[in-house]
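Residue 1 is where the sequence shown starts when you use the UniProt record's numbering, and the numbers rise one by one after that. Where is the CB? At the ideal position from N, CA and C, for every residue including glycine. Structure first, commentary second.
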Amino acid sequence: MSDFQDEIFRTADPYFVFNTTQTIGYLKIRSLGSLWIHQLIELLRQQLPEHPFTYDIRVYEICDYIKDNLRKRPTLDELAKHASLSKEHLRFLFQKELNISPMKYAASIRLQMARELLLMTSVPMKEISDRIGYDDQHHFTRAFHKAEGMSPSEYRKTYKGSVE
């Protein structure tokens, strides 16, 4: 036996001598637990796609660009140019990564920002529509109503008190 193995047995010996029955029971439980964890990991591994943690950083850079330029309301052409991609490839990457088109993503971010501004500030509707890239307040109100089922002012009245 190697010195290492001797050291392991010498260190472990008091535990085995102390109560062999308890130790064997403990080892059985630990062994069954390890087996169960191994089987669980195997099942999870089989359920995951082959490359579960791959992603394209360009999509997330474009997401940041959209958020930083809401007021400008960048077009698909501008987004593709910014990412140095064709429009088709940009659409493909967004669909693959986020399961949504770039323009639908931008619209959802605009509405998310509108909801935050409505609930967290007293900024007038006109200013909110300007900040998130709508040319006029009426267009913003229609888009918001379509998404939320109520006007921006109704949304503010209904929910503003619940976040303060």
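query                                                                                                                             : result
Best match in D135, L118, R131 and I132 for proximity to M150 [C-alpha to C-alpha]                                                : L118
Cβ pair count under 8 angstroms reaching 3, the region 123 to 130 against the region 92 to 100                                    : no
Contact under 8 angstroms by Cβ, P102 with L90                                                                                    : yes
Length of the line joining the Cα atoms of R115 and I29                                                                           : 53 angstroms
Of the residues I66, H82 and E78, the one placed nearest M113, counting alpha carbons only                                        : I66
Inter-residue CB distance, L85 and R58 (contact presumed, cutoff 8 angstroms)                                                     : 7 angstroms
DSSP state of I62 mapped onto helix, strand, coil                                                                                 : helix
Chain-order list of residues whose beta-carbon lies under 8 angstroms from that of E61 (same chain, five-residue window excluded) : A83
Three-way DSSP call (helix, strand, coil) for G149 in this model                                                                  : coil
Counted within 10 angstroms of its Cβ, other Cβ atoms place I37 as buried (16 or more) or exposed                                 : exposed
Assumed close pair L79, R131 - CB separation to whole angstroms, cut-off 8 angstroms                                              : So it is not a contact: roughly 19 angstroms between Cβ atoms.
Spatial neighbours of Y134 in its chain, beta-carbon cut-off 6 angstroms, leaving aside the 5 residues before and after           : F140
S129 - DSSP class collapsed to helix/strand/coil                                                                                  : helix
C-alpha gap between Y105 and F92, whole angstroms                                                                                 : 13 angstroms
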